[in-house]
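Notes for the one structure printed next.
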Amino acid sequence: MNSWNQAFRAATMITVSLIGLSGCGSGSTSSAVSTTTVTATTSSTVQVPDNIPDTPTGVSAVGGTNKITLSWNAVTGAASYSIYWSAVPGVATTTGTRIDSTGTFLIQRGLPPLDTRYYIVTSRNKSGESGVSAQVFAGTAALDGAAPYNTFCAVCHGSLITSTVTSGRVTAIKTAIQNINLMNDLTLTDAQITAISAALMDNN
Ligand code: HEC
Numbered sequence: 005m006n007s008w009n010q011a012f013r014a015a016t017m018i019t020v021s022l023i024g025l026s027g028c029g030s031g032s033t034s035s036a037v038s039t040t041t042v043t044a045t046t047s048s049t050v051q052v053p054d055n056i057p058d059t060p061t062g063v064s065a066v067g068g069t070n071k072i073t074l075s076w077n078a079v080t081g082a083a084s085y086s087i088y089w090s091a092v093p094g095v096a097t098t099t100g101t102r103i104d105s106t107g108t109f110l111i112q113r114g115l116p117p118l119d120t121r122y123y124i125v126t127s128r129n130k131s132g133e134s135g136v137s138a139q140v141f142a143g144t145a146a147l148d149g150a151a152p153y154n155t156f157c158a159v160c161h162g163s164l165i166t167s168t169v170t171s172g173r174v175t176a177i178k179t180a181i182q183n184i185n186l187m188n189d190l191t192l193t194d195a196q197i198t199a200i201s202a203a204l205m206d207n208n
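Okay, so the sequence shown: first residue is 5 according to this note's numbering, each after it adds one.
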């Protein structure tokens, strides 16, 4: 027997066995078979893994001059975080003002002195939003640098929140007042410069 013959015989056997299989299937109730197949396909498509990230922990709020700094631990699998704040305790996702962040901290700047805020944090990814963290709160200091900044600096450097001043240190402000012609006319007390500096620091 040559190899062509062998191949032909093998093909014939396969054809026969396929016919045998389909014959077997058509012998049973076809509607029952097709129903089973559709159900299996549908249920495997619906199975989406639950990937909602964990609730953030380690949330901390620290008050400063005209600002509050909030930070928390990174959550594995989180794409971003939502911070909800309120002036009254018991803040919830439905009542708080929401701010989103991709990093693990948030600085709220330009706040009035002696301003207390309450915060909760959630984590998010495309599967959804986690549960809410424990609530934390902090208050801004009594010192007010925002008011003198708005009076003396905002006209040229913009609002405190987006100030173009790159070095908010007391010495840098004093040097600028001495050396930059447009600032020479400024007459500020040390207390005002200290307060402005405190409000500007971390603004870099
Ligand atoms: C009339 C406009 C004007 C006012 C008002 C003004 N500045 Fe400036 N300031 C400038 C200019 C112009 C420069 C130099 C260019 C630059 O760095 O923006 C400058 C530079 C600076 C610098 C050095 C560079 C830097 O960004 O760190 C500091 C610090 C600074 N200003 C702080 C202040 C503070 C604080 C106040 C308010 C007390 C103030 N300035 C008010 C115009 C002004």
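Each residue gets a CB set at the ideal place from its N, CA and C atoms; glycine is no exception.
Since this is a predicted model, take the numbers as computed values, not measurements.
Could you tell me the boundaries of the beta strand (DSSP E) in which residue 104 lies? Taking the sequence shown and counting its residues from 1, one reaches residue 104 at position 100. 101-105 is the span of the beta strand (DSSP E), which, as asked, contains residue 104.
Which partner residues does residue 89 have in the DSSP bridge list? Taking the sequence shown and counting its residues from 1, the one referred to as residue 89 is at position 85. For residue 89, which the question treats as bridged, DSSP gives the partners 101, 123.
Taking the alpha carbon of residue 74 as the reference point, which residue from 82, 65, 81 has its own alpha carbon closest? Along the sequence shown, read from residue 1 onward, the residue named residue 74 stands at position 70. Here the closest residue by C-alpha is 65.
Contact check, residue 129 vs residue 83 under 8 Å by CB: the rounded distance? For this step, residue 129 is matched to residue 125 along the sequence shown. For this step, residue 83 is matched to residue 79 along the sequence shown. That belief holds up - the Cβ atoms of residue 129 and residue 83 are roughly 4 Å apart, short of 8 Å.
Taking C-alpha atoms, which residue in 185, 148, 168 lies nearest to residue 195? Walking along the sequence shown from the start, residue 195 turns up at place 191. Selected option, being the one with the closest Cα: 148.
Proximity of residue 59 and residue 77 at Cβ, strictly below 7 Å: Numbered from 1 along the sequence shown, position 55 holds the residue referred to as residue 59. Numbered from 1 along the sequence shown, position 73 holds the residue referred to as residue 77. No, the Cβ-Cβ distance between residue 59 and residue 77 is not below 7 Å.
List the residues that DSSP assigns as beta-bridge partners of residue 69. Locating residue 69 in the sequence shown gives position 65, where the first residue counts as 1. Residue 69 pairs with nothing; no bridge assigned.
Looking at the strands, I want to know which residues DSSP matches up with residue 142. Stepping through the sequence shown from its first residue, residue 142 is reached at position 138. In DSSP, residue 142 forms a bridge with 121.
Minimum C-alpha distance to residue 109 - residue among 131, 157, 120, 79: Working through the sequence shown from its first residue, we reach residue 109 at position 105. Closest by alpha carbon: 79.
Residues that residue 129 bridges to, as DSSP identifies them: The residue given as residue 129 occupies position 125 in the sequence shown. In DSSP, residue 129 forms a bridge with 132.
Would you mind stating whether residue 123 and residue 200 have Cβ atoms separated by less than 7 Å? For the purposes of this step, residue 123 is identified with residue 119 of the sequence shown, where counting begins at 1. For the purposes of this step, residue 200 is identified with residue 196 of the sequence shown, where counting begins at 1. No, these two residues do not count as a Cβ contact at 7 Å.
Sheet register partners of residue 192 (DSSP bridge): Within the sequence shown, residue 192 is the residue found at index 188, counting from 1. Residue 192 is not bridged to any residue.
Less than 7 Å between the beta carbons of residue 146 and residue 118, yes or no? Your numbering for residue 146 matches position 142 in the sequence shown. Your numbering for residue 118 matches position 114 in the sequence shown. Yes, they are a contact pair.
Own chain residues within Cβ distance below 6 Å of residue 133, not counting five before or after: Numbered from its first residue, the sequence shown carries residue 133 at position 129. Cβ within range, chain order: 126.
How would you label residue 112, buried or exposed, when you count the other beta carbons within 10 angstroms and need 16 or more for buried? Position 108 of the sequence shown, counted from the first residue, corresponds to residue 112. So residue 112 ends up on the buried side.
Out of 85, 142, 188, which one is the CA nearest neighbour of residue 92? For the purposes of this step, residue 92 is identified with residue 88 of the sequence shown, where counting begins at 1. Considering only alpha carbons, the answer is 142.
Between the beta-carbon of residue 165 and the beta-carbon of residue 114, is there less than 7 Å? One-based indexing of the sequence shown puts residue 165 at position 161. One-based indexing of the sequence shown puts residue 114 at position 110. Taking 7 Å as the Cβ cut-off, residue 165 and residue 114 qualify as a contacting pair.
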